[in-house]
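In full-length UniProt numbering, the protein residues as written are 1 to 577.
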Amino acid sequence: MAAPLGRSDGLALNELLEEFSRAQYRAKESGPKVEKIEKRCLELFGKDYCYSLIQNLNGELCGHYPRQIVVLEYESTEQEKDMFESTVQVSRLQDLVNRSKMARCRGRFVCPVILFKGKHICRSATLAGWGELYGRTGYNYIFSGGSDDAWADTEEIAEDSASVRNGDSQLFDKVRGHDIKLLRYLSVRYICDLMVENKKVKFGLNVTSSEKVDKAQRYADFTLLSIPYPGCEFFKDYKDRDYSAEGLIFNWKQDYVDAPLSIPVSLTRSLNIDWGEYQCWDLVKQTQNYLKLLIHIVNSDDDSGLLVHCISGWDRTPLFVSLLRLSLWADGLIHSSLEPAEILYLTVAYDWFFFGHMLADRLSKGEEIFFFCFNFLKHITSEEFSACGRKARRKSSQPRESGFMLEDFCALKRKDRGSTTSLSSDFSLVAEDSPGVAAGSFNYETVEQSAGAQTQAAWRKTCTSSPQTVLWSRPQQLEERLLYPGVTEAKSSSSSSSNHSDNFLRVGSSPLEVPQRSLPGQTERESRLEAVRSILLTAYSNTIGLKSVSSSPSGAISGLLEQFARGVGLRGASAIV
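Here is the structure:
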């Protein structure tokens, strides 16, 4: 049972989010606030683990990595130490890091961040190219604009050019050889690449590489998984749709998208997922299925670790690292002594803030991948995402209040509510998994851009806000409860939203929906994840808030719901910022 959120916990999280949204973290520019956050993270790690530290106080190893990089050794109980203990020696690890750090973009080397069953779950950027290896990172950063998918390193001379074939190929052998030694020392076998490209191309030039297209096949001994996932720019479409991910499908037909999904069949047999349909999945289904895959990998019987990376490693990478950490914690398998507020603080501070996610920049562009991560927790509460080998124990205790409840929210003074979001309608489309049947590796170069039978049966519309979005669909769900007694329909007078006129106001419709009171039959996993989500939503409301987009497909309904929310006292007239 989760403890109630204390005032000090709430204030600490608010302070963290305020610092996080102010500017990107840089190791060499730390101050008292950063040191306070850093100290708290070490306290939270220390509640369950014995650990060592790799010092990066002035960003000598990487400017956007923690000043003190935590290397978890074993859980602090003697039983767990005997069963699952890391074999890594921090002095040897630091030496390998120093040698290998230039192998990856922006010096974002392979770094262990989660210890599960003695296995290291690691994160990094993708492989650096020729230009960055020669120190042209300053020129790169000017052109990057801070984007995860922008120039992650400088101009890479094609690896089949004459210079690379001769002297420069030896440089790749040396630097990537150190990277491989680091991976092997951490016992990493599986490398999950989230890039939608084989190599990032800017101005007609290749500007990054990746393990899957290394011409010398230096990474052939690893199990490489290409699981393309949209970059942070796509999450502007999520925000523009009033934070609704259901029915939001990435446009895989864009010219720069050339990395097909490729997963060894040995990893897919037991997942009951039709991977051939991946280009038809909406953002919810795609994130769910990728997370299932990662959980399956780390929960396997072997002792091999996992590396997850995108391009720069500070948008999509923390999304999946954070979801993995929270999912395993919800099962009671890691950080077992931490309360919801504590694990939330740890993953926001360590997985996102200290590893350089540019929250201020992303917010200014509407690319709200950070908010998506924690709001997405409502989609992974079921036991199909559990790493436990048995059905989760149902709670037998009396119903408790999980985090921040609806009546608590209504009882708050207006000044305490802070900035909240539009109570926008969020219709959902749930597609059933289909069993995948194939041999060898799944490798889909081209998949017809079409929806399945369930999607075709739903209302559909082409979204013109971005070329990345090709479909969004919102079928009616009449079985859901009304958001407020006596309100039965939301009728829109706007011609642009006439297709939505018969949809109901519902519980579950808002990105800042307050989770309902826990039920006796609710699993511990459900209640824990709901508690984390509710705490984050409250803190986010008080510090950052969400912006309603009137030009979005559901803009008219958003406006109507906003008027309704104000009418019942859920928000003040100037609540949206």
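Backbone N, C-alpha and C define an ideal beta-carbon position, used for all residues, glycine too. Here the structure is a predicted model, which means the values were calculated and not measured.
For residue i and residue j, what's the separation of their Cα atoms in angstroms?
i	j	result
Val175	Leu11	44 Å
Glu38	Val70	11 Å
Glu530	Leu283	20 Å
Leu344	Cys41	11 Å
His178	Asp9	42 Å
Ile121	Arg325	10 Å
Glu342	Leu13	9 Å
Arg123	Pro112	7 Å
Ala330	Asn299	15 Å
Gly356	Leu17	14 Å
Val308	Asn542	32 Å
Met195	Val265	20 Å
Lys200	Gly231	12 Å
Glu19	Phe371	16 Å
Tyr540	Glu368	12 Å
Ser30	Ile191	32 Å
His64	Gly521	44 Å
Gly545	Leu171	47 Å
Phe84	Ile114	13 Å
Leu319	Arg269	25 Å
Arg92	Tyr185	9 Å
Ile227	Asp258	12 Å
Phe354	Thr523	32 Å
Thr77	Tyr238	43 Å
Quick one: using the 10 Å Cβ neighbour count with 16 as the cut-off for buried, is residue i buried or exposed?
i	result
Ala216	exposed
Gly46	exposed
Gln254	exposed
Lys33	exposed
Ser386	buried
Gly107	buried
Ser161	Residue confidence for Ser161 is low, a pLDDT of 43 falling below 50, so the modelled location carries little weight; the figure read from the coordinates is stated next. By the neighbour-count rule (16 or more Cβ atoms within 10 Å), Ser161 is not buried but exposed.
Tyr256	exposed
Ala128	buried
residue 629	Since the first and last residues shown for the chain are 1 and 577, residue 629 lies out of range.
Trp35	Residue 35 is actually Glu in this sequence, not Trp. Glu35 comes out exposed.
Lys28	exposed
Glu197	buried
Arg22	exposed
Tell me where the beta strand (DSSP E) around residue i begins and ends.
i	result
Lys119	119-124
Ile54	49-55
Gln68	68-75
Cys111	111-116
Leu307	305-309
For residue i, which three-state DSSP category applies?
i	result
Ile369	helix
Ile191	strand
Leu482	Annotation note: pLDDT 28 at Leu482 (below 50); position unreliable, coordinate value reported separately. In the structure shown, Leu482 sits in a strand (DSSP, three-state: E or B).
Phe355	coil
Ser386	coil
Ser497	Note that Ser497 has pLDDT 32, beneath the 50 cutoff, so the model's placement of it is unreliable and the number below is only indicative. In this structure, Ser497 counts as helix in the three-state DSSP scheme.
Cys280	helix
Glu85	strand
Gly222	One point to set straight first is that residue 222 is Phe, not Gly, in the sequence displayed. Correct three-state label for Phe222: coil.
Ile227	coil
Gly247	coil
Leu61	coil
Arg104	strand
Leu127	strand
Thr538	helix
Ala12	helix
Leu17	helix
Thr381	coil
Thr268	coil
Thr543	helix
Between which two residues does the alpha helix (DSSP H) holding residue i run?
i	result
Leu171	169-185
Gln288	283-298
Glu342	340-346
Pro260	Element bounds for Pro260: n/a, residue is neither H nor E.
Lys36	32-46
Tyr238	235-240
Leu328	316-330
Three or more beta-carbon pairs under 8 Å between the region 340-348 and the region 535-545, yes or no?
-> yes
Do the region 375-388 and the region 35-51 touch if we need at least three Cβ pairs shorter than 8 Å?
-> no
Between the region 362-371 and the region 53-64, do three or more beta carbon pairs fall short of 8 Å?
-> no
Three CB pairs or more closer than 8 Å across the region 323-341 and the region 216-229 = no
The region 264-284 / the region 241-251 touching (three or more Cβ pairs under 8 Å) = yes
Do the region 90-103 and the region 310-321 meet, that is, are 3 or more Cβ pairs less than 8 Å apart?
-> no
Can you find at least 3 beta carbon pairs, one from the region 288-303 and one from the region 264-279, that sit closer than 8 Å?
-> yes
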